[in-house]
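Trainee: Residue numbers (the working numbering), protein chains in the order written: chain U, 6 to 586; chain E, -19 to 158. We treat Cβ as the ideally placed atom computed from N, Cα and C, and that holds for glycine.
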Amino acid sequence: MYCYDEYDQRMIDERVAQYRDQVRRRLSNELTETEFLPLRLQNGLYMQIHGYMLRIAVPYGLISSRQMRMFAHIARKYDRGYGHFTTRQNIQFNWLKLEETPDILADLASVQMHAIQTSGNCVRNITSDEFFGVAHDEIVDPRPYAEILRQWSTFHPEFAYLPRKFKIAISGAKEDRAAILAHDIGLSVTKNAQGEVGFRVFVGGGLGRTPIIGSEICEFLPWPHVLTYVESILRIYNQLGRRDNKHKARIKILVKALGIEEFKRLVEEDWADLKNGPGTLTREEVDRMSSFFTDPEYEVLAGNDSSLKAFMADNRNFSHWMKHNVRPHRVPGYAIVVLSVKKPGNAPGDVTHEQMDAVADLADRYSFGEMRITHKQNLVFADIKQTDLIALWHELTKLELASPNIGMLTDIISCPGAEFCTLANARSIPLSKLIAERFENLDFQYDIGEITLNISGCMNACGQHHIGNIGITGVEKKNHEEWYQISIGGAEGNDCSLGKILGPSLIFNQVPEAIDRILQVYLRERADEGERFIDVVRRIGHVPFKDHVYATDFPDELVKSDDKNTLIPAQHAVPFYSPRF
Amino acid sequence: MMIIRDRTIVGDDWQVLRLRDQETPETTMVPDGKIIVPFKVWLAQRATLLQRNDIGVWFASDERPEDLAEDVHRFTVIAVDFPKFSDGRGYSIAYNLRARLEYSGELRAIGDVLRDQLFYLRRVGFDVFEPRPDRKIDDALKGLDDFSEVYQISFDQKQPLFRRVVRQGKSAAGLQDD
Ligand code: SF4
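This is how it looks when you write it as structure tokens:
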């Protein structure tokens, strides 16, 4: 992975010093809170009801064991023993003291990490494909470009006070695993017919209140131009993006208002001045970056390990895990392992300091000391020898990170919701638990097959509910009940689509029942087991689902939520903030 | 009043003219002396103001310097107003003035100008700063030196770091790790 040189380290150290002084000035009231706010946000620090949340950047989700141990250390020393992985491949800590945050950043700087631009109206952490470098369908490894973009966007002087936050995602495989169409800029690094590397560029995608799928602005941008082209997009947005209304300030609104043709014209007019200028990437720089992302020292192994077959036959749990949490690797004899941070009953994405330390040890032992954080809030060991899979599975099972549910119904993406987030209409995590418990039966989950379920506590969509096959959104609190809207038909990936709302909203207790009804329609209508949920929705439309969900009343016991499931008053809410907002 | 010019705190006798309520660009009286007028006033009273050589112009954050066209080279002082420090349009205005319109005179940041933005402001082409009067100007001066190195090009730095220095690839950098 990328390794800081003296320049990177110097800038990061200077950032810590700058921030330390800003905190000092804030504490002595030389800075007002209004003035301090964007400064701390650009260092990932949010203030909540009772304390501070720090979001640490994990550039494109890639992290070393040494860095993971630092997270464990931070969780123990400054927090309450755990951290939360987000849908933007970052990690958040929720219980920090402002006075201690400069020390935390200094600790992070000692392992080449930071919290720069993880929040605020600036270019955020670049996200990417969790299987880069090892996936079968990769065309170009996006990591060198992700790191080049990270450096370019870090402390960019012109784009630190944009109308609103700005997210860039990059992917280099045939299948888009980085949801690039749901980003302000989505980059697909690819090759043209001549084998030259370039980018397909999308702009103006995003979820939130106004979900929009990104539009193509450039079909093939040769690689040397990626920085200058992105610069022009940002310059046009910085000047013309709306600043009068926070909810209309994202670039997607500007692109929509101008139309993609006009927006493109403005960008290319600006770009004409930059094209082939000094901001153009050089071969040397790309080669240098690529040198950090070469293959680890893979052993030469004979194809697939046959002893696994025997063990699978004897061990059902292992065999499930192999089927759902283990992916083929492009190198013979290796495998990709997804660690499930979705054990039913636990909050999606939460990891304790013990788990972090243990995972770091396992990465050292089995996966060249590296791991990835996925946008589905799971972890990945990218380079596992197949002969190590059984041993690894035993270890992960002990750590409760081996639930064989990746890509299944209980691999739920959930935002923190009302217990934690002040903007919420309703709780998310308890609902995800209720759903996970109801459908915990693995045979049922496997029968349903591939499906995504996303929960957001409000329309800000931190749980990315628009692109869930089933999406759930908290819409209001009324009469001591929380109300949720259910949508179906959303999807990420190459055939990205936005879900459509099914019908009137439902209360907390009714949601699992409604999901059950939706799934019944799926089971009834599917042509065969190979036809996925999303395929059926696309084929038959919403109506049969809607009809079945609302045809019969919900059972009496679900007409009102019981005490256990009533809303926690906001004043008892835990200070927290959303992973994406 | 005191301003920062070339990293030094110096006295300054330019006045910034701001329209009061009721005043329009056409009717406002531009007083004698060195005056930085709103861009709208420049447009409205251009014929008269062209006679003077002690006039500067300032842009509001929603104005485009491209609209100044050839006039840009008449000025020795142009300012950009920051109504709120968090309104980042002024950065692109400055960049465009410098890089696209090739304005080479003095470029001032006025309005809500604070220490913690000075480093970025300098990078995009501002060379004179009028920090908000309720703040200590010598404190603001420190903001110019928050960082000693930068990655990307802007007005101040025409070459990105990767073209300016030899940066090590993995084998060499790896030695520094751990
Ligand atoms: S985390 Fe995001 S989606 Fe969830 S409740 Fe908060 S703002 Fe809404």
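Quick one: grab the DSSP three-state call for U/TRP100.
Mentor: Note: U/TRP100 maps to strand in three-state DSSP.
Trainee: Is U/LEU428 near ligand 1, judged by its Cβ being under 6 Å from some heavy atom?
Mentor: Under cutoff, so the answer is yes.
Trainee: Assuming U/ASN130 and U/GLN117 are in contact, meaning their beta carbons sit under 8 Å apart, how far apart are those beta carbons, in whole angstroms?
Mentor: U/ASN130 to U/GLN117, Cβ: 14 Å. No contact.
Trainee: Say the cut is 6 Å; is the CB of U/PRO216 nearer than that to a heavy atom of ligand 1?
Mentor: Not so, every heavy atom of ligand 1 lies at least 6 Å from the Cβ.
Trainee: With DSSP collapsed to three states, give me the class of U/ARG85.
Mentor: Coil, per DSSP.
Trainee: How is the alpha helix (DSSP H) around U/VAL589 delimited, first residue to last?
Mentor: Because chain U is modelled from 6 through 586, residue 589 of chain U falls outside the range shown and cannot be assessed.
Trainee: Determine the direct distance from the alpha carbon of U/ASP500 to that of U/ILE523, and round the result to whole angstroms.
Mentor: Their backbone Cα atoms lie some 22 Å apart in a straight line.
Trainee: In chain E, which residues lie less than 7 Å from U/TRP157 when you measure between Cβ atoms?
Mentor: Here the neighbours are TYR131 and GLN132.
Trainee: Report the option in U/GLY508, U/HIS161 and U/ARG270 whose CA atom is closest to the CA atom of E/GLY68.
Mentor: Checking every option, the nearest Cα to that of E/GLY68 belongs to U/HIS161.
Trainee: I want to know whether the region 300 to 307 of chain U touches the region 251 to 268 of chain U - three or more CB-CB distances under 8 Å.
Mentor: As far as the Cβ criterion goes, the region 300 to 307 of chain U does not touch the region 251 to 268 of chain U, which means the pair count is below three.
Trainee: Throw me the rounded Cβ distance for the E/ASP(-14) and E/ASP136 pair, which I believe falls under 8 Å.
Mentor: The pair is not a contact, with the Cβ atoms about 13 Å apart (cut-off 8 Å).
Trainee: Would U/GLU375 and U/SER176 qualify as a contact pair, given that the criterion is a beta-carbon distance under 7 Å?
Mentor: Contact: no.
Trainee: U/LYS269: buried (16+ other C-beta within 10 angstroms of its C-beta) or exposed?
Mentor: Buried, by the Cβ-count rule.
Trainee: Is the closest heavy atom of ligand 1 to the C-beta of U/ASN465 under 6 Å?
Mentor: Correct: U/ASN465 has its Cβ closer than 6 Å to ligand 1.
Trainee: Cβ of U/GLY422 versus every heavy atom of ligand 1: is any distance shorter than 6 Å?
Mentor: Under cutoff, so the answer is yes.
Trainee: Let me make sure I understand the geometry here. Which of E/ARG32, E/ARG102, E/GLN25 and E/HIS53 has the alpha-carbon closest to that of E/SER128?
Mentor: Measuring from the Cα of E/SER128, the nearest candidate turns out to be E/ARG102.
Trainee: On the criterion of 16 or more Cβ atoms from any shown chain inside 10 Å, does U/SER419 qualify as buried, or is it exposed?
Mentor: U/SER419 should be labelled buried.
Trainee: For the beta strand (DSSP E) containing E/VAL37, list its first residue and its last residue.
Mentor: Run containing E/VAL37: 35 to 39, per the beta strand (DSSP E) assignment.
Trainee: If you scan the region 344 to 422 of chain U from start to end, which runs of the alpha helix (DSSP H) of 4 or more residues do you find wholly inside it?
Mentor: Whole alpha helix (DSSP H) segments, 4+ residues: 358 to 371 and 394 to 403.
Trainee: With a threshold of 7 Å between beta-carbons, can U/PRO162 be considered close to chain E, or not?
Mentor: So, interface residue.
Trainee: Please tell me whether U/PHE207 and U/LEU186 are closer than 7 Å, where the distance is taken between their beta carbons.
Mentor: Yes, these two residues count as a Cβ contact at 7 Å.
Trainee: Can the beta-carbon of U/LEU286 be found less than 7 Å from the beta-carbon of U/PRO229?
Mentor: In contact: U/LEU286 and U/PRO229 (Cβ atoms closer than 7 Å).
Trainee: Can you list, in chain order, the residues of the region 484 to 510 of chain U whose Cβ is nearer than 9 Å to any Cβ on chain E?
Mentor: Taking 9 Å as the Cβ-Cβ cut-off against chain E, none of the residues of the region 484 to 510 of chain U qualify.
Trainee: With distances taken from CA atoms, which of U/LYS381, U/THR402 and U/GLY246 is nearest U/LEU367?
Mentor: Selected option, being the one with the closest Cα: U/THR402.
Trainee: Can you check DSSP and say which residues form a bridge with U/CYS223?
Mentor: Bridge partners of U/CYS223: U/VAL206.
Trainee: Skipping 5 residues on each side, what residues in its chain have a beta carbon closer than 8 Å to that of U/GLU518?
Mentor: The answer, listed in chain order, is PHE559, PRO560 and LEU563.
Trainee: Report the CB separation of U/PHE100 from U/ASP112 in whole angstroms; it is logged as a contact under 8 Å.
Mentor: The question names Phe, yet the displayed sequence has Trp at residue 100 of chain U. Contact flag wrong, Cβ pair sits at about 16 Å.
Trainee: Below 6 Å CB to CB, which residues in the same chain sit around U/GLY200 once its five sequence neighbours on both sides are set aside?
Mentor: Excluding residues within five positions, none has a Cβ falling inside 6 Å.
Trainee: Is the beta carbon of U/GLY211 within less than 6 Å of some heavy atom of ligand 1?
Mentor: Result no, Cβ not under 6 Å from ligand 1.
Trainee: Closer than 6 Å to a non-hydrogen atom of ligand 1 - does that hold for the CB of U/SER461?
Mentor: It does: the Cβ of U/SER461 is within 6 Å (strictly closer) of some heavy atom of ligand 1.
Trainee: For U/ARG240 and chain E, any beta-carbon pair shorter than 7 Å?
Mentor: With 7 Å as the cut-off, U/ARG240 counts as an interface residue toward chain E.
Trainee: Taking Cβ to Cβ, would you say U/PRO227 is nearer than 7 Å to U/TRP326?
Mentor: Cβ atoms of U/PRO227 and U/TRP326: not closer than 7 Å.
Trainee: Assess, as a yes-or-no matter, whether the region 46 to 60 of chain U is touched by the region 315 to 333 of chain U under the definition of 3 or more beta carbon pairs within less than 8 Å.
Mentor: They do not touch, by the three-pair rule.
Trainee: Locate the alpha helix (DSSP H) running through U/MET58, then write down its first and last residues.
Mentor: Careful: U/MET58 lies outside any alpha helix (DSSP H), inside the beta strand (DSSP E) at 57 to 61.
Trainee: Taking the CB atoms as reference points, tell me whether U/PRO149 and U/VAL336 lie closer together than 7 Å.
Mentor: Cβ atoms of U/PRO149 and U/VAL336: not closer than 7 Å.
Trainee: Going by DSSP in three states, U/GLN72 sits in which element: helix, strand or coil?
Mentor: If DSSP states are grouped into helix, strand and coil, U/GLN72 belongs with the helices.
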